[in-house]
Amino acid sequence: METIYTKILQLLKEDRKVALCTIVAAQGSAPLPVGSKMIVLDDGSIFGTIGGGKLEHGVIGDALKVIAEGKASLSHHDLKKHHEMCCGGNVDIFIEPVMKNKKLFVFGAGHVGRAVVKHTLDLDMDILVFDDRKEIFNDWDAGNYKTKVAAYKEMLPGLIFDDATFIVIATYDHDTDREILAYCLKKPHAYLGMIGSKNKVATTRRNFLQSGNFSEDELNAVDMPIGININATTADEIAISIVARMIKEKNK
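Residue 163 in the working numbering sits at position 77 of the sequence shown; the count goes up by one each step and never skips.
Structure, rendered in structure tokens:
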């Protein structure tokens with residue numbers, strides 16, 4: 087039997103935006119008890135019920151607003167006064183946006199990539215670190231992240247990108263960085279940044295524009311040079327500037 091929670095998992099896999107509506111308090115005569123739940127999808131369709139009628143119709147509208155704004159809401163409903171429902175009780179409805187887990191792809195496990203991972207371990211992200219050097223992870227401590235060693239051209243087509251994907255490009259080779267950037271630019275993402283000096287960035291922009299494959303708008307959306315400008319010099323300082331930029335994007 088399909089439950090509210092298995093349905094949510096299915097919808098998230100399908101990249102649907104949803105809100106979960108729950109009756110958290112009830113007084114007097116109410117159509118359904120506390121704990122009753124309903125999913126509202128971004129097209130206004132529903133799964134489950136919180137009692138039907140004008141109450142449910144109004145809550146669907148509230149849920150669509152929650153999906154659009156990404157912020158939870160708590161509302162009180164006097165069923166007779168607000169919805170002309172003869173049962174006459176009162177209910178409180180909590181509506182929360184349900185979002186897929188954010189992913190962080192770190193391309194390059196050198197000093198900066200390693201520091202980025204260290205400073206994002208507590209940010210509730212699924213972290214994946216990629217490098218083409220077999221020995222690079224030998225001295226890494228075990229942690230809440232996954233690693234993969236392979237040629238970048240081989241691993242990229244197997245990755246799943248979506249609008250909850252954060253991407254940090256910081257390999258040891260400029261051409262490799264640009265190849266990864268070119269691939270990721272055409273994929274959905276929440277954040278895309280590439281490490282490099284102002285000269286590297288200028289050369290990258292010029293080459294990409296001259297290729298005719300990328301627009302000014304696409305390149306302007308890339309965080310390069312990567313991170314917030316805090317005059318960082320060490321790998322940890324650079325990583326902190328990158329993580330700060332990602333947090334800003336995550337909480338926009």
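For each residue, glycine too, the CB sits at the ideal point set by N, CA and C.
Ranking Pro311, Arg291 and Phe300 by CA distance to the CA of Gly279 puts Pro311 first. Scanning Asp129, Ser115 and Gly134 for the CA closest to the CA of Lys123 turns up Gly134. For Lys99, no beta strand (DSSP E) segment is defined; the enclosing uninterrupted segment is the alpha helix (DSSP H) at Ile90 to Lys99. The DSSP-derived three-state label of Thr319 is coil. Less than 8 Å divides the Cβ of Gly196 from the Cβ of Tyr258. Between the stretch 94 to 104 and the stretch 134 to 144 there are fewer than three inter-stretch CB-CB distances shorter than 8 Å, so the stretches are not counted as touching. Just measuring C-alpha positions, the residue of Phe216, Arg292, Asp128 and Cys270 sitting nearest Ala154 is Asp128. Going by DSSP, Val120 is part of no alpha helix (DSSP H) at all; its letter is neither H nor E. In the DSSP assignment, His205 falls within the unbroken alpha helix (DSSP H) covering His197 to Thr206. Secondary structure of His143 (DSSP, three-state): helix. Here DSSP, grouped into helix, strand and coil, assigns Thr262 to helix. The stretch 206 to 225 makes contact with the stretch 322 to 336; the number of CB pairs closer than 8 Å reaches 3 or more. Taking 8 Å as the cut-off, the beta carbon of Ile255 is found closer than this to the beta carbon of Ile266.
Sixteen is the threshold: since fewer than 16 other Cβ atoms of the shown chains lie within 10 Å of the Cβ of Arg219, the residue is exposed.
Here Thr290 carries a helix assignment [DSSP, helix/strand/coil]. Taking each of Gly229, Asn230, His205 and Gly199 in turn and checking the Cα distance to Ile222, the smallest one comes out for Gly199. Per DSSP, the beta-bridge partners of Lys188 are Met211.
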